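Taking it in order: structure first as structure tokens, then the write-up.
In this note's numbering, the protein residues as written are 386 to 532.
Structure follows, in structure tokens:
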């Protein structure tokens, strides 16, 4: 939040701040669970498979923790600010007046659990953001600031 407050222009106010959904951690949890079960199996081959899956699950978990901690999706009264990354940072500013299209994509799991991907198009550039919690509210807030 400190980054966002220092990044605002004079007179600019935060209207909505989206969060990344907890389902971001589903794949690492599945890998860790299956790896744990295979690791403690009596068969030698599944033991090595378990070690491999535990390693992959741990790497995936650390990567996704960095994504969750290092991402900010915010709508202000003038623009959409999206920051990703902790060590190497990527910041995208979308001026609300230039937003051409906002698309929300949700699969079955996203509809049930309330997450989705948002695709914002401005001036030929397309930006996609995954695992946004309550994506239709994010879209609604963008549209509310445009009109």
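Idealized CB from N, CA, C, for every residue including glycine.
All values reported here derive from a predicted model rather than from experimental measurement.
Query	Result
Please classify residue 510 as buried or exposed, where buried requires at least 16 neighbouring CB atoms within 10 angstroms.	exposed
Taking the C-alpha atoms as reference points, what is the distance between residue 418 and residue 447?	16 Å
When the Cα of residue 533 is compared with those of 403, 426 and 432, which residue comes out closest?	Here the chain comprises residues numbered 386 to 532, so residue 533 is not present and cannot be evaluated.
Whose C-beta lies closer than 8 Å to the C-beta of residue 487 among residues of the same chain, with five residues either side of it excluded?	503, 504, 505, 506, 524, 527 and 528
Hey, would you say residue 442 sits closer than 7 Å to residue 416, going by beta carbons?	yes
Residue 459: buried (16+ other C-beta within 10 angstroms of its C-beta) or exposed?	buried
Here's a check: name, in chain order, each residue in its chain whose Cβ is nearer than 7 Å to the Cβ of residue 478, leaving out the five neighbours to either side.	464 and 466
Provide the residue(s) that pair with residue 488 in DSSP beta bridges, ordered along the chain.	504
Taking Cβ to Cβ, would you say residue 405 is nearer than 7 Å to residue 453?	yes
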